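Colleague: I have a structure I would like to understand better, so I am pasting it below and will then ask my questions one at a time.
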Amino acid sequence: MLLDVQNLKIDFETHAGRVDAVHDLSFSIDRGEAVGIVGESGSGKSQSVLALMGLLAGNARVSGSAKLASAQAGEPSIELVGAKPRVLRRVRGARIAMIFQDPMTALNPHLKISTQMIELLRTHRGMGRREAMKAAIEMMEAVRIPEAARRIKYYPHQFSGGMRQRVMIAMALSCEPELLIADEPTTALDVTVQDEILDVIAELRERTNTALLLITHDLGVVAGQCSRALVMRAGDLVEHGSIDKVFNAPEAEYTRDLLAAIPRLEG
Amino acid sequence: MLAYTIKRLLGAIPTLFILLTLSFILVHAAPGSPFSMAREMPPEVKANLEAKYHLDEPIYEQYGRYLLNIAHFDFGPSYQYKDTTVNDLIAEGFPVSLTIGGFALLLALVLGVPLGMLAAVRQNRITDYLCSAIALGGISMPSFVIAPLLILWAAVYNDWLPAGGVDSWQSYILPVITLAAMFTAYILRIMRASTIEVLRSNFVRTARAKGLSTARVYGVHILPAAILPVVSYLGPAAAAILTGSVVIEEIFGMPGIGRFFVNGALNRDYTLVLGITLFYGLIVIAFNLVVDLIYGWLDPRVTY
Amino acid sequence: MAKSTQQEAMEKAVKGNSLGRDAMRRLAANKAAIASIAVLGLVVLMVIVGPWLTPNNYYSQDYDAIWQAPTLAHGHIFGTDSVGRDLFVRTMVGGRISLMVGIVTAFVSLLIGVAYGATAGFIGGRIDGFMMRTVDILYALPFMFLVILMVVFFGQSLFLMFLAIGAVSWLDMARIVRGQTLTIKQQPYVEAARMAGASGTAIIVRHIVPNLLGLIVVYVTLTIPQVILFESFLSFLGLGVQEPMTSWGALINDGVGEMGRAPWLLVIPSIFLAVTLFCFNFIGDGLRDALDPNDR
Chain A
1 MLLDVQNLKI DFETHAGRVD AVHDLSFSID RGEAVGIVGE SGSGKSQSVL
51 ALMGLLAGNA RVSGSAKLAS AQAGEPSIEL VGAKPRVLRR VRGARIAMIF
101 QDPMTALNPH LKISTQMIEL LRTHRGMGRR EAMKAAIEMM EAVRIPEAAR
151 RIKYYPHQFS GGMRQRVMIA MALSCEPELL IADEPTTALD VTVQDEILDV
201 IAELRERTNT ALLLITHDLG VVAGQCSRAL VMRAGDLVEH GSIDKVFNAP
251 EAEYTRDLLA AIPRLEG
Chain B
1 MLAYTIKRLL GAIPTLFILL TLSFILVHAA PGSPFSMARE MPPEVKANLE
51 AKYHLDEPIY EQYGRYLLNI AHFDFGPSYQ YKDTTVNDLI AEGFPVSLTI
101 GGFALLLALV LGVPLGMLAA VRQNRITDYL CSAIALGGIS MPSFVIAPLL
151 ILWAAVYNDW LPAGGVDSWQ SYILPVITLA AMFTAYILRI MRASTIEVLR
201 SNFVRTARAK GLSTARVYGV HILPAAILPV VSYLGPAAAA ILTGSVVIEE
251 IFGMPGIGRF FVNGALNRDY TLVLGITLFY GLIVIAFNLV VDLIYGWLDP
301 RVTY
Chain C
1 MAKSTQQEAM EKAVKGNSLG RDAMRRLAAN KAAIASIAVL GLVVLMVIVG
51 PWLTPNNYYS QDYDAIWQAP TLAHGHIFGT DSVGRDLFVR TMVGGRISLM
101 VGIVTAFVSL LIGVAYGATA GFIGGRIDGF MMRTVDILYA LPFMFLVILM
151 VVFFGQSLFL MFLAIGAVSW LDMARIVRGQ TLTIKQQPYV EAARMAGASG
201 TAIIVRHIVP NLLGLIVVYV TLTIPQVILF ESFLSFLGLG VQEPMTSWGA
251 LINDGVGEMG RAPWLLVIPS IFLAVTLFCF NFIGDGLRDA LDPNDR
């Protein structure tokens, strides 16, 4: 087991009082496995994964447990909830990487792509500048960005949305993380680009045996990419099972509603 | 980049033109101006003036001549200081003014930028409130209040620093601190606001998700974005620093341009006041231009 | 593009808000702002009533009490200056001038700024471009020096000072109002009013200006201290109000000349000026935060 989440609870202190975001979430992922978390916006799915990374806002309170298996056999696993910043920094980017919904704003507009890719390799892999540059260009090529060696010197605004998401993927997978968290990776993109992005992720994942935690509101995407799915609604986990079970024998009323809402050609 | 520079240069021309025309009209419309000869003045100055400004010529020729003189940076003779041109006075005073203004701006940046970032990071905590209160104080305490109080404390009651003059480098300490106070406050506030905004942006979350060190997140990812508003503030700041240095030089008795300017204004030394106004105007326009270029260079999204 | 940051921050801060009950409640919870309102109220009251409460006036000279330190004994509670004038009365009368210049001029700049900005934003297109380009150009001028130039050429007068300072300080307002107008113009209810055949002026007066109210209140509270500062600056240099009339800036100028011998002449007017500016700034900040809770 790579990641074991038990009884994850998240709430926020706000002006208006305490807001519960996630009530009691438990799930696990094996190495190389792909799991989808499905739910509408506000269901707490994004909050959950941000909590795993320690990236929630300062007014968030997280309790429960999220254990990441050790990199080498025999060592104790790492507790992510409440972990020290130093511990989290070594996990982020290196063992768990993340790509976000909006590729237009997720990259720093003030820095060249090369800078943003190289810093990751240098931080976690201890590479020198030249070595990191070479690795970064290879990664760019792996996500099928044409003329990677030249375009790595570009700034983000010189790329289209789809290309930027490819850059994000290249960056996220450059340190060969054990888990990739993709938070609505295709939602902000054109329909024609969405499949290409998902293909790129699947292809690279296969190569590096990276597990995937895919967060989406789109059941169709989950069906194509994942072996298991979690359905969340208003901070609760309402359904959990294999894709086959979730699609063909859903237990929760909500899941049936979601399935019924998928447009079908035959109508 | 070159095209952008040229575009910016061309953009400065209307400003320059309005500045020159406005001052020309002011000089000619003013009652009791040297040109209406309502005021007693030494004959040699009068003769000099008439020769200089060719007052018998039609107004458009005078205007052309006036533009021509300024194009040569020739601001004419001073009334008040005999046998001295305005150019001489500017040349004499500018190094002093530049020293005070330059160091004040530097000090304001060195203090304001980190403190503003600190306040933003510690938003709504003691450090933030403290920084914000200090900043409000800096904005609310005019330099002509801070300066005398500093002199009283550091020079009159305690004999730590000279109260004025330009005899040694210590003489510059109090003026620079005084002048920097307000700009530190403004830069702090701007930096705080922009850092708070940048902290909320997605790319900072990405940088954190990459497991970068805190120093790298702040230094490489946040700072370049957050500092842009401070950079565009530097244009107005330059104008304000020039204005501020007038008071500073007056209080600390430093022979800078500002002091000449006030003396000229009080003694109705028309050419001197006009000359310095134009000189400052040129500096401000030039500085704004430089700031724009720096901004364009810092922000890759600016299209040239 | 390089933008003026302060207004930008201000624009952002008060995005499309009006002075709602929520905002007032948040303001009431801001202790610093409430304290500032109280202190400022006290200062204003003192300045208005003060001169009537004392037998002294701002110009008469008491040669028996020159350089009198603050004391209750001679009836000069703030002391006297080098010719025996009572500093209490002079500070109060000077305060009247400073506050009056501040308030009147802030309103002048408000009127010009709102009219100009709303017009530019409402008309839009090429005229807007031209109007705002003009503002940009004026921005780059060293106004303080042009004002002093005017004072030198036209002589000193209170009216000229109103005019000069007012002419300078409307630029910020024009920019902010234009930005807001552009935003509000896109709102469906304004579209609806336009469809219903409302005239441009009617739309500006009925829909746009009321929506700018919160912004305007914040702006005015932040402009008043700027103008007071501007006036004090001129008076401090001896280019503002003329003797025997006085203002806080002029008093501080007198005080600087005698600070070794009579520090109270410097310290007391300085405190009044600084406290007043501080209060206005605090209230302005408080209002802005009250209108935009997200920023705090």
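Protein chains in written order, with the UniProt record's numbering: chain A, 1 to 267; chain B, 1 to 304; chain C, 1 to 296.
Even glycine gets a Cβ: it sits at the ideal position worked out from N, Cα and C.
Predicted, not measured: the structure shown is a model, and the values here were computed from it.
1) Tell me which residues share the same chain as proline 279 (chain C) and place their Cβ nearer than 6 Å to its Cβ, disregarding the 5 neighbours each side in the sequence.
2) In this structure, does DSSP put arginine 122 (chain B) in helix, strand or coil?
3) Please list the terminal residues of the continuous beta strand (DSSP E) segment that includes leucine 66 (chain A).
4) Would you say serine 33 (chain B) reaches chain C, if we count a Cβ-Cβ gap shorter than 8 Å as a contact?
5) Please return the same chain residues whose Cβ sits closer than 7 Å to the Cβ of alanine 223 (chain A), not counting the five positions on each side in sequence.
6) Evaluate arginine 25 (chain C) with the Cβ neighbour count: other Cβ atoms within 10 Å of its Cβ, from every protein chain shown; 16 or more gives buried, anything less gives exposed.
7) Indicate whether at least one CB of chain A lies closer than 8 Å to the CB of histidine 221 (chain B).
8) Lysine 185 (chain C) to alanine 198 (chain C), Cα distance in whole Å?
9) Here's the rule: buried if 16 or more other CB atoms are within 10 angstroms of the residue's CB, otherwise exposed. What is lysine 153 (chain A)?
10) Residue range of the alpha helix (DSSP H) that glycine 264 (chain B) falls in?
11) Which class does glutamine 72 (chain A) belong to by DSSP, given the choice of helix, strand or coil?
12) Can you name the start and end residues of the alpha helix (DSSP H) that glycine 161 (chain A) belongs to?
13) Got a sec? Which residues, its chain only, sit under 7 Å from valine 230 (chain B) by beta carbon, not counting five neighbours each side?
14) Got a sec: is the Cβ-Cβ distance from tyrosine 155 (chain A) to anything in chain B below 8 Å?
15) What number of angstroms, rounded off, separates the C-alpha of tryptophan 297 (chain B) from the C-alpha of leucine 152 (chain B)?
16) With which residues is lysine 9 (chain A) paired in a DSSP beta bridge?
17) So for threonine 271 (chain B), helix, strand or coil by DSSP?
18) Identify each residue in the stretch 252-274 of chain C for which the Cβ-Cβ distance to at least one residue of chain B is less than 8 Å, and report them in chain order.
19) What does the Cβ neighbour count give for valine 205 (chain C), buried or exposed, with the cut at 16 atoms within 10 Å?
20) What residues in the stretch 96-125 of chain B have a beta carbon less than 8 Å from any beta carbon of chain A?
21) Using 8 Å as the Cβ pair cut-off and three pairs as the minimum, do the stretch 262-273 of chain C and the stretch 84-99 of chain C touch?
22) Have a look at histidine 207 (chain C) and valine 190 (chain C) and give me their C-alpha separation to the nearest angstrom.
23) In whole angstroms, what is the alpha-carbon distance linking tyrosine 270 (chain B) and glutamate 249 (chain B)?
24) When DSSP labels each residue in this structure, what does isoleucine 96 (chain A) get in the three-state scheme?
25) Please tell me whether serine 23 (chain B) has its Cβ less than 8 Å away from any Cβ of chain C.
26) Are there 16 or more other CB atoms within 10 angstroms of the CB of tyrosine 219 (chain C), so buried, or fewer, so exposed?
27) Would the beta-carbon of methionine 150 (chain C) fall within 8 Å of that of glutamate 231 (chain C)?
28) What beta strand (DSSP E) runs, 3 residues minimum, are completely inside the stretch 102-184 of chain C?
29) Determine the chain C residues that contact proline 148 (chain B) at a beta-carbon separation under 8 Å, and present them in chain order.
30) Whose Cβ in chain B lies nearer than 7 Å to the Cβ of methionine 144 (chain C)?
31) Just checking: is the beta-carbon of glycine 238 (chain C) within a distance shorter than 8 Å of some beta-carbon in chain B?
32) Is it buried or exposed for leucine 53 (chain C), if we count other Cβ within 10 angstroms and need 16 for buried?
33) Spatial neighbours of isoleucine 18 (chain A) within its chain, please: C-beta separation below 6 Å, excluding the five flanking residues on both sides.
34) Based on Cα-Cα distance, which residue from B:Ala185, B:Arg208, B:Ile90 and B:Ala163 lies nearest to methionine 259 (chain C)?
35) Does chain B have any CB closer than 8 Å to the CB of alanine 94 (chain A)?
36) For leucine 199 (chain B), is the classification buried or exposed, using 16 other Cβ atoms within 10 angstroms of its Cβ as the cut-off for buried?
Modeller: So, from the listed chains and residues:
1) For the purposes of this step, residue 279 (chain C) is taken as residue 279 along the third sequence, with counting starting at 1. In the sequence under discussion, the amino acid at residue 279 (chain C) is cysteine, which differs from the proline named in the question. Ser36, Val39 and Leu40, listed in sequence order.
2) Counting from one through the second sequence, the residue named residue 122 (chain B) turns up at place 122. Arginine 122 (chain B) falls in the coil class under three-state DSSP.
3) Here residue 66 (chain A) refers to the residue found at position 66 of the first sequence. According to the sequence displayed, residue 66 (chain A) carries alanine and not leucine. Its beta strand (DSSP E) spans residues 60-68.
4) Translated into positions along the second sequence, residue 33 (chain B) becomes position 33. Low per-residue confidence applies at serine 33 (chain B): pLDDT is 49, beneath 50, and the placement is therefore not dependable, though the value from the model is reported in the following sentence. Interface residue, yes.
5) The count along the first sequence starts at 1 and reaches residue 223 (chain A) at position 223. Excluding sequence neighbours, alanine 223 (chain A) sits near Ile243 and Phe247.
6) Here residue 25 (chain C) is taken as the residue at index 25 of the third sequence, counted from 1. Under this definition arginine 25 (chain C) is an exposed residue.
7) Taking the second sequence and counting its residues from 1, the one referred to as residue 221 (chain B) is at position 221. Cβ-Cβ to chain A under 8 Å: yes for histidine 221 (chain B).
8) Working through the third sequence from its first residue, we reach residue 185 (chain C) at position 185. Working through the third sequence from its first residue, we reach residue 198 (chain C) at position 198. C-alpha separation (whole angstroms): 13 Å.
9) For this step, residue 153 (chain A) is matched to residue 153 along the first sequence. Looking at its Cβ environment, which holds fewer than 16 other Cβ atoms inside 10 Å, lysine 153 (chain A) is exposed.
10) The residue given as residue 264 (chain B) occupies position 264 in the second sequence. Looking at the DSSP string, the run of the alpha helix (DSSP H) that includes glycine 264 (chain B) is 257-266.
11) Stepping through the first sequence from its first residue, residue 72 (chain A) is reached at position 72. Here glutamine 72 (chain A) sits in coil by DSSP.
12) Here residue 161 (chain A) refers to the residue found at position 161 of the first sequence. Run containing glycine 161 (chain A): 161-173, per the alpha helix (DSSP H) assignment.
13) By one-based count along the second sequence, residue 230 (chain B) stands at place 230. If the five residues before and after valine 230 (chain B) are omitted, its C-beta is found closer than 7 Å to the C-beta atoms of Val113, Ile187, Ile190 and Met191, all from its own chain and listed in chain order.
14) Within the first sequence, residue 155 (chain A) is the residue found at index 155, counting from 1. Taking Cβ atoms only, chain B reaches closer than 8 Å to tyrosine 155 (chain A), which makes this a yes.
15) Against the second sequence, residue 297 (chain B) aligns to sequence position 297. Against the second sequence, residue 152 (chain B) aligns to sequence position 152. Whole-angstrom Cα-Cα distance: 44 Å.
16) In the first sequence, residue 9 (chain A) corresponds to position 9, counting from 1. According to DSSP, which records beta bridges pairwise, lysine 9 (chain A) is partnered with A:Ser63.
17) Reading the second sequence from its first residue, position 271 is the one you call residue 271 (chain B). Here threonine 271 (chain B) sits in helix by DSSP.
18) Ile252, Asn253, Gly255, Val256, Met259, Gly260, Pro263, Leu266, Val267, Ser270, Leu273 and Ala274
19) For the purposes of this step, residue 205 (chain C) is identified with residue 205 of the third sequence, where counting begins at 1. Residue environment: valine 205 (chain C) is assigned as exposed (fewer than 16 neighbouring CB atoms within 10 Å of its CB, all protein chains considered).
20) So nothing in the stretch comes that close.
21) yes
22) Locating residue 207 (chain C) in the third sequence gives position 207, where the first residue counts as 1. Locating residue 190 (chain C) in the third sequence gives position 190, where the first residue counts as 1. Approximately 7 Å, taken between the alpha carbons.
23) In the second sequence, counting from the first residue as 1, residue 270 (chain B) sits at position 270. In the second sequence, counting from the first residue as 1, residue 249 (chain B) sits at position 249. Here the alpha carbons of glutamate 249 (chain B) and tyrosine 270 (chain B) stand approximately 20 Å from one another.
24) Here residue 96 (chain A) is taken as the residue at index 96 of the first sequence, counted from 1. Strand at isoleucine 96 (chain A).
25) In the second sequence, counting from the first residue as 1, residue 23 (chain B) sits at position 23. With 8 Å as the cut-off, serine 23 (chain B) counts as an interface residue toward chain C.
26) What you label residue 219 (chain C) is simply residue 219 of the third sequence in a count that begins at 1. Tyrosine 219 (chain C) is buried by the Cβ-count criterion.
27) On the third sequence, residue 150 (chain C) is found 150 positions in, with the first residue counted as 1. On the third sequence, residue 231 (chain C) is found 231 positions in, with the first residue counted as 1. No, the Cβ-Cβ distance between methionine 150 (chain C) and glutamate 231 (chain C) is not below 8 Å.
28) none
29) To locate residue 148 (chain B), count along the second sequence from 1; it is residue 148. Here the neighbours are Ile252, Gly255, Val256, Met259, Leu266 and Ser270.
30) Taking the third sequence and counting its residues from 1, one reaches residue 144 (chain C) at position 144. The answer, in chain order, is Thr243.
31) Sequence index remark: in the third sequence, residue 238 (chain C) carries index 238 (1-based). Answer yes: the Cβ-Cβ gap between glycine 238 (chain C) and chain B drops below 8 Å somewhere.
32) Here residue 53 (chain C) refers to the residue found at position 53 when the third sequence is read from its first residue. Exposed, since its Cβ has fewer than 16 Cβ neighbours within 10 Å.
33) Residue mapping note: residue 18 (chain A) aligns to position 18 of the first sequence, counting from 1. For clarity, residue 18 (chain A) is arginine in the given sequence; the question names isoleucine instead. Here the set comprises Asp11.
34) Within the third sequence, the letter at position 259 stands for residue 259 (chain C). Here the closest residue by C-alpha is B:Ala163.
35) As a working note, residue 94 (chain A) is residue 94 in the first sequence. Alanine 94 (chain A) counts as touching chain B.
36) Within the second sequence, residue 199 (chain B) is the residue found at index 199, counting from 1. By the neighbour-count rule (16 or more Cβ atoms within 10 Å), leucine 199 (chain B) is buried.
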